[in-house]
Each structure stands twice: as C-alpha cells, then as structure tokens.
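For the sequence shown, UniProt numbering gives the first residue as 1, with consecutive numbering after it.
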Amino acid sequence: MEKLVIEGGRELRGEIRISGAKNAALPLIAASLLAKGVHVLHNVPDLRDTRTILRLLESLGVSWERQDDTLRIDATDLNYSEASYELVKTMRASVLVLGPLLARLGQARVSLPGGCAIGARPIDFHILGFEQLGVTCRLENGYVDAEIDGRLQGNTVYFDLPSVTGTENLLMAATLAQGTTVIKNAAREPEIGNLVDMLTAMGAEIEGRDTDRLTIHGVEQLQAAESAVIPDRIETGTYLIAVAATGGEATLTHCNPGHLPALLEKLRATGVEISAHEQSLTIRASCDQPLRAVDIKTMPYPGYPTDLQAQFMALMTLSDQSAVVNETIFENRFMHVAELKRMGADIRVDGRTAFVTGLGRDGLTGAPVMATDLRASSSLVIAGLAAAGRTDISRIYHLERGYENLVDKLTGLGARVWKEQE
Ligand code: EPU
C-alpha cells in the first residue's frame, strides 16, 4: 500500500487547474443508462470513484472509452440489472444506477451500501421515493430487489431531508415515468443542476432547477447527448483552505466561485484575501498575519458544505483563538480529530460539535497519521502542509477516490510531497 509523505512548513504559490467534480460526474455517468446511443461527457475526472462506476456500467453490459477528460459511453446494450456488493461496498454512490435501471428496464437489484466511515447513511429515502412511483421493493440477502410492471408512475415525493443522491436517483427515474413527478424538499447542490442540464439535453422535461421543488414531466424516451461536468467545488475549496493554512498566493483556474458562497465568506472572515473572477479564484494569505477564528455549521447547499468541514477544522487549529465546528449532516464525521491531535491540535468533541483551540500558525508538528475517509484525509494533507517537519499519511487510496493528480497539483504549488510504499 502507498502512503503520502509531506515535508511541511512551505508556502504554496502558483497556479493549478481544477478538475471536474466527482459528485457531478458520478450521477452524469449513471444517467447515461437512461438512453440508448453514445453519450459524450467532457471534463470527467479520472479518479478511483469514476473508475468504479465505469466498472459497474461494464458489468451491466455498457461499453465506454476515455480520451483525456472526455468519456464516450455507449448504453445501447443494457443487459444486466444488478449492482453487486463487491462494487457498492467500495463506493456507496453505486446506488445511483437504481433509478436509471428501473426507468429503462423496470427492474434493478442493487446491494445495500451499509454503513461507512462517516455514519450509517441509509438509502430509505431513495426506496420510499421509488415505491411512490409504483415500484415494489424487497430487501433480501443484503440487496434491494426493485421492480415494476410497465412504466413508473409520476407522483409527489417529499424528502424528510434534502438528500443529494436521493434527489438525483428520483430525478433520473422520473424522467421516463408516465405523468408528472414533483420532488419536494429536493437537494439544491450544484451537482443536481448539472444533472438537470444533462437530462434536459437528453430530452427530459424538468422545471425548478436549483430550487427545492423539482417538477418532472415524464417522456416516453430519451436520446444520448453531449454534456460537461461542472468544476469540483470541494477540490477548489480544499486548495483554497490549503493556501490559507500555509500562507502564499495561488490562482485556481477552471473553477466556479459561484458554487462556494459559504466557504468564501468564512475564509475571508479568517483574514485571507480572495478575489473571485468568472472562472478563477486568487487567494493571498500572509504568514505574518494571524488567522482569525471562525465558527462553521454544516448545512445543505447553499449552506457550508459538510465535504469541507474537516479541511476547515484543520485550518482552525492554526488560528489564534477558539472556533466551534458544528456537523449537522452526518453523525460521525469527526474521524480526523484523533489524527489532527496526533499533530498537536487541541480539539474537544461533544456529540456533533467540535471545539477547536487554535495554537497559532506554528501550532502543528508533523506525525504519522492515517486517512479514514476522503475528506478527513484531505484535512490531514492540509495539516501536513502547514506543520513543521514530516507527516506520513497512510491509506491514501481514500484521497485517490476524489482528488485528481493531488501530488502533481501540490508540487505545482511548491509543496514537498510524494508517494512512498508503506
Ligand atoms: N439520509 C437518510 N436516508 C437516505 C438518504 C440520506 O437518512 O435515504 C440522510 C443521510 O444519512 C445524511 C443526510 O440524509 O444525514 C444527507 O445525506 P445525502 O443523501 O445528501 O448524502 P449522499 O447523497 O449520500 C452526497 C455526496 C457526499 C456528501 C453528501 C452531503 C455524492 C456521491 N456524495 O452523499 O459526498 O457528503 O451528499 O452533501 O454526491 C464526499 O464526496 O466525500 C461525500 C461523502
């Protein structure tokens, strides 16, 4: 297994290009199952998770080819309807094939994802939603067996919480339903807008993009189309926080500053300078200036994203005062705390709240630490870049699930970082 080694304490300076968003690419790839023909997707990041969903598509009979960041997916043959435990256990977003399979084949067998490092993460909203569209769902041997005789039937579906993949799954299924489906309390993350655009290009009729109420008028058939994955707002946010932590000046290109309203406010409040342009961001952070402590509370979009909570907590360990980090989306998303403490951080956790006592910009020291999930791992990278001395991060396959060319991009910014065999 490989580990990541970081010699910390260097400012980050330079320019990097932001990749396409993992969490937008996954539903777009799943949506290609809805129509025969060759779909063309641009700006698709080459990540462990995008490879996993492509393996899943292959197991369903679908073929694909990649040239640079463009994927061509031929979903004409869709011969199987099962997503196996082997695939779903490595990536819970595999459940995104459930909606398209039901819409196109009238049946699907998908392994239940089970728990994961950040919480129980059930898929009950997805199942309840499909049942409201007329699907019969049985849970057997760890699998959801779902089927419907004929077409899905449009209906009104209300989510207790605005689930991101729940909204995406229902949205995809409803495009081919008979009649109109209304999703109330739908999630509003930009990745859903990206999916709405792809489905619309395929011939779907959807109203309410970017709102919490999506209305889908079902059509009989969709066609393959050409789409582009939006920039990764979480990757963008991670690099911004990294520069705030180390000091320096960096420009991130090919990103969408409009997708990071909460983070930009919070980062500016720490005292760093950020200028936003249409498709790029420049951040300037002086090492001589102390970081102000800023509280965050994770919320569904446009609130502060849970996927940037761990990274911001790492930054707050370097402030001069105390900050409160409140995680409202997932019940167990503080796995990074124990590892940050190994680097000297002073953090106390009480339930879903973490109290961070900042130790100043020189507060962290390098240490061997372990990555536990994707975003926890990126907070350790940020801590390692800011810490004095060497940090060894093991289990970096977590990072490879969601950060394209991490080592090259950080090296491009002047970091001393490399991979080694454990
Ligand atoms: N929930 C349920 N039942 C459901 C679905 C969700 O109780 O059927 C709960 C969850 O347990 C959680 C809340 O609803 O408390 C919101 O979860 P959501 O369904 O929105 O999460 P998700 O769709 O499984 C996506 C991202 C996550 C991101 C969350 C929240 C993808 C592929 N994954 O997950 O991304 O943290 O939304 O924004 O889009 C990551 O990239 O590292 C990552 C974990």
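Backbone N, C-alpha and C define an ideal beta-carbon position, used for all residues, glycine too.
The C-beta of residue 269 has fewer than 16 other C-beta atoms within 10 Å across all chains shown, which makes the residue exposed. Counting every other CB atom within 10 Å of its CB across the protein chains shown gives residue 348 a total below 16, marking it as exposed. The three-state secondary structure of residue 174, taken from DSSP, is helix. For the segment 218-261, the full-length beta strand (DSSP E) segments reaching 3 residues or more read 226-228 and 248-253 along the chain. If you look at residue 421, you'll find it isn't in any alpha helix (DSSP H); it sits in the beta strand (DSSP E) that goes 416-421. With contact defined as three or more Cβ pairs closer than 8 Å, the segment 28-45 and the segment 221-240 are in contact.
Here residue 63 is not near residue 84, since their CB atoms are 8 Å or more apart.
In the DSSP assignment, residue 180 forms a beta bridge with 217. DSSP places residue 97 in the helix class (H, G or I) of the three-state scheme. When the beta-carbon positions are compared, residue 99 and residue 169 come within less than 8 Å of each other. Annotation: the continuous alpha helix (DSSP H) that includes residue 85 extends over 85-88. Taking the Cα of residue 283 as reference, the smallest distance to any Cα among 245, 262 and 295 is reached at 245. Below 8 Å, too few C-beta pairs join the segment 6-13 and the segment 140-156 to call them touching: fewer than three. When C-alpha distances from residue 294 are compared across 302, 262, 286 and 188, the shortest belongs to 262.
Every unbroken stretch of the beta strand (DSSP E) spanning 3 or more residues and falling wholly within the segment 274-299 is given here in chain order: 280-285.
Take residue 248, set aside five residues on each side of it, and the residues of its chain with a beta-carbon closer than 7 Å to its own are 11, 12, 13 and 285, in chain order.
A distance of 8 Å or more separates the beta carbons of residue 252 and residue 233.
With respect to residue 171, residue 222 sits apart: the two C-beta atoms are not nearer than 8 Å.
Shown here for residue 289: same chain residues with a beta carbon closer than 8 Å to its own, the five before and five after excluded, namely 271 in chain order. Between residue 61 and residue 74, the CB-CB gap reaches or exceeds 8 Å. In chain order, 245, 340, 379, 382 and 383 place their CB closer than 7 Å to the CB of residue 314, counting only its own chain and leaving out the 5 sequence neighbours on each side. Classified as buried, residue 20 has 16 or more neighbouring CB atoms from the shown chains inside 10 Å of its CB.
When the Cα atoms are used, residue 213 and residue 364 turn out to be separated by approximately 45 Å.
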